[in-house]
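Asks:
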Amino acid sequence: MKIRSIGLQEEKRVMVWLPGGAFQTGSASMFDGSALAAYEDVLVVTTQYRLGMFGFFNTGDQHALGNWAFMDQLAALTWVQENIEFFGGDPRSVTIFGESAGAISVSSLLQMIADTCGCEAADSQALLRCLRAKPSEELLNISEKTKSFTRVVDGFFFPDEALELLIQKTFNSVPAIIGVNNHECGFLLPVNEFPEVLRGSNKSVILRMLHTALNIPTQYLSFVADEYFPDELSLFELRNSFLDLLGDVFFVVPGLVTARYHRDAGAPVYFYEFQHRPHCLRDRKPAFVRADHTDEIRFVFGGAFLKGDVVMFEGATEEEASLSRKMMRYWANFARTGDPNGEGLPLWPAYSQKEQYLQLDLNLSVGQRLKARKVEFWTETLPLVMSTSGGHLGPPSSLLFFSLLLPFLFPLAC
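So for the sequence shown, the UniProt record's numbering puts the first residue at 1; every next one is plus one.
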């Protein structure tokens, strides 16, 4: 855990950062909160939690319930409540902010783990004893190979599936900022999973990958193709549409659906779409990539102003530094009052029935009904088509729903 604060004359608002990385990678040491703390007069806490097998191993019974990473996060928040005042922070004003950690939930890996480690999987208690006797390096190697350890519904931290919690309004109705980038699957995420797509692929190849990635039955792929892949598209246009589709399913649609449920529960929610491609990435990512996954984080943390060992934003332009200052101010205002708006900032309207959202670019503007047609397609049209023929489509990116719900499941202040 790292803490950055500027000035201790009065209690500061507290911002607790939960780093992303699909619950497999990422660490507190990658982020420097000093610029955000200095410019916005807040206290920034970056946390570390267990990852991979160490954070999510479970046996499906009382011997290992899983969700250790979330317990770590809860322990960090409890520590903040009990100790942050000694660092000049206000325990009554704590805001959680984070990014990513969205990955598709997969079935249990117990048998594979047991086979790899030479342990017996039939008895979960014996399996645990066996695993605890193994060197940590051996367990870490398993975790890095599988990259599939994630959360489970445990009846405590997560009492039900994410969408059910949203529908039942089983979450704390506190103010929230929810947002996405306009090219969430532009490069960083698909470069390892679908490298051939980035070079351009034909429709049949893309549909096969779509079937594998989203587990959509073959007989329904034509409906998806009609929505995203008109016949006249070139290979590169097909690539762009496929990457947009992945971004819609894994990030945009879950984010917007979560915002709607949160809005309907009666608490303010502010939605954004980050749209700027950072100048520092001009030689690191293909020219077709827009605002990729995680690109906005360097702006929220004021990476352009950092002078220490943590490098988050090399060669930022004056316009990018200005955008970063605005974003830091929005986020800090939200931490102070539950409303990102303030003096000198363009209005960021709350996400109401009008579904207005802030378009974060070098020139800020307000948009309305972001990807409304795609939300309708994935939440109504395709499920209806499948249900009439006996099929079923699960909610897109259920784990992302959980990561978005995290701040609402547990109160942060007494």
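For glycine and all other residues, C-beta sits at the position ideal for the given N, C-alpha and C.
#1: For the beta strand (DSSP E) that MET15 lies in, which residues bound it at each end?
#2: If you measure between the beta carbons of SER273 and LEU370, is that distance less than 8 Å?
#3: Excluding the 5 residues preceding and the 5 following LEU364 in the sequence, name in chain order all residues of the same chain whose CB lies nearer than 6 Å to its CB.
#4: Residues bridged to GLU273 by DSSP?
#5: Count the C-beta pairs between the segment 270-284 and the segment 71-87 that are closer than 8 Å, then say yes if the count reaches three, no if not.
#6: Do you know whose CA, among ARG260, MET209, VAL269, lies nearest LEU245's CA?
#7: Spell out a yes or no on whether the segment 192-212 and the segment 248-255 are touching, meaning 3 or more CB-CB pairs, one atom from each, closer than 8 Å.
#8: Do the CB positions of THR78 and VAL14 come within less than 8 Å of each other?
#9: Alpha carbon to alpha carbon, how far is VAL224 from GLN81? Give it in angstroms, no decimals.
#10: So, using beta-carbon positions, are ALA291 and ASN182 closer together than 8 Å?
#11: Hey, could you find the ends of the beta strand (DSSP E) VAL94 is sitting in?
#12: In whole angstroms, what is the alpha-carbon distance linking ALA101 and HIS293?
#13: Just grab the DSSP bridge partners of VAL366 for me.
#14: Should GLY344 be labelled buried (16 or more other beta-carbon atoms within 10 Å of its own) or exposed?
#15: Opposite ASP292 in the DSSP bridges: which residues?
#16: Counting only the same chain and skipping the five closest in sequence on each side, list residues whose C-beta sits under 8 Å from that of ARG325.
#17: With 16 other CB atoms within 10 Å as the buried threshold, where does SER234 fall?
#18: Taking the alpha-carbon positions, what's the ALA265 to THR258 distance?
#19: Report the residue from LEU360, GLY367, LEU306 whose alpha carbon sits nearest the alpha carbon of SER352.
#20: Could you check the C-alpha separation between THR388 and PRO268 for me, to the nearest Å?
#21: In angstroms with no decimal places, state the Cα-to-Cα distance between SER241 and PRO91.
#22: Under the three-state reduction of DSSP, which class applies to PRO254: helix, strand or coil?
#23: As a quick exercise: from ALA304, ASP41, PHE313, THR46, pick the residue whose alpha carbon is nearest that of VAL16.
#24: Give me the Cβ distance between ARG239 and LEU198, rounded to the nearest whole Å; I'm assuming they're in contact under 8 Å.
#25: Mapping the DSSP letters down to three states, classify SER201 as helix, strand or coil.
#26: Give me the Cβ distance between ASP41 and LYS12, rounded to the nearest whole Å; I'm assuming they're in contact under 8 Å.
#27: Taking 7 Å as the cut-off, is the CB of ARG263 close to at least one heavy atom of the ligand GDP?
#28: Can you tell me whether DSSP reads LEU110 as helix, strand or coil?
#29: Does DSSP put ASN333 in a helix, in a strand, or in coil?
#30: Ignore the nearest five residues each way along the sequence and tell me which others in VAL191's own chain have a CB closer than 7 Å to its CB.
#31: Using CA atoms only, rank isn't needed, just tell me which of GLY338, HIS279, VAL180, ASP339 is closest to GLU319.
#32: Let's see if you can read the secondary structure: which residues bound the alpha helix (DSSP H) around VAL249?
#33: For LYS374, which residues of its own chain have a beta-carbon under 6 Å away from its beta-carbon, when the five flanking residues on both sides are left out?
#34: Beta carbon of PHE299, beta carbon of ILE177: below 8 Å?
Replies: So, from the data block:
#1: Run containing MET15: 12-18, per the beta strand (DSSP E) assignment.
#2: The residue asked about is misnamed: residue 273 is Glu in this sequence, not Ser. Going by C-beta atoms, GLU273 is nearer than 8 Å to LEU370.
#3: Cβ neighbours of LEU364 beyond the five flanking positions: PRO346.
#4: In DSSP, GLU273 forms a bridge with VAL180, GLN359.
#5: Under the 8 Å Cβ criterion, the segment 270-284 does not count as touching the segment 71-87, having fewer than three qualifying pairs.
#6: Distances from the CA of LEU245 to each of ARG260, MET209, VAL269 were compared; the closest alpha carbon is that of MET209.
#7: Verdict: no, contact absent.
#8: Not closer than 8 Å, so no.
#9: Between the alpha carbons of GLN81 and VAL224 lies a gap of roughly 47 Å.
#10: The answer is yes: Cβ separation under 8 Å.
#11: It spans 89-98 - the beta strand (DSSP E) in which VAL94 sits, taken as one unbroken run.
#12: Low confidence applies to ALA101: its pLDDT is 45, below 50, so where it sits in the model is not reliable enough to give any reading.
#13: VAL366 has LEU358 as its beta-bridge partners, per DSSP.
#14: Exposed is the call here.
#15: ASP292 pairs with HIS183.
#16: Counting only Cβ-Cβ distances below 8 Å, and skipping sequence neighbours, we find TYR39, GLY302.
#17: Around the beta carbon of SER234, fewer than 16 other beta carbons sit within 10 angstroms, so the residue counts as exposed.
#18: Straight across, the Cα-Cα distance linking ALA265 with THR258 is about 11 Å.
#19: That would be GLY367, whose Cα lies nearest to the Cα of SER352.
#20: Cα-Cα distance, rounded: 36 Å.
#21: When the Cα atoms are used, SER241 and PRO91 turn out to be separated by approximately 46 Å.
#22: Look at PRO254 here: in three-state DSSP terms it is helix.
#23: Distances from the CA of VAL16 to each of ALA304, ASP41, PHE313, THR46 were compared; the closest alpha carbon is that of THR46.
#24: Between LEU198 and ARG239 the Cβ distance is about 7 Å, and since that is below 8 Å, they are a contact.
#25: Of the three classes helix, strand and coil, the one that applies to SER201 here is coil, per DSSP.
#26: Correct: roughly 7 Å between the Cβ atoms.
#27: Absence of the ligand GDP from the depicted structure is noted, as is the absence of any ligand whatsoever, leaving it without description.
#28: Because the pLDDT at LEU110 is just 42, under 50, the model does not fix this residue reliably, and the value given afterwards should be weighed accordingly. In this structure, LEU110 counts as helix in the three-state DSSP scheme.
#29: Note: ASN333 maps to helix in three-state DSSP.
#30: Counting only Cβ-Cβ distances below 7 Å, and skipping sequence neighbours, we find LEU198.
#31: With distances taken between CA atoms, GLU319 lies nearest to HIS279 out of GLY338, HIS279, VAL180, ASP339.
#32: Looking at the DSSP string, VAL249 is not in any alpha helix (DSSP H), and its letter there is neither H nor E.
#33: The answer, listed in chain order, is ASP248.
#34: Pairing PHE299 with ILE177 gives a Cβ-Cβ distance that is not under 8 Å.
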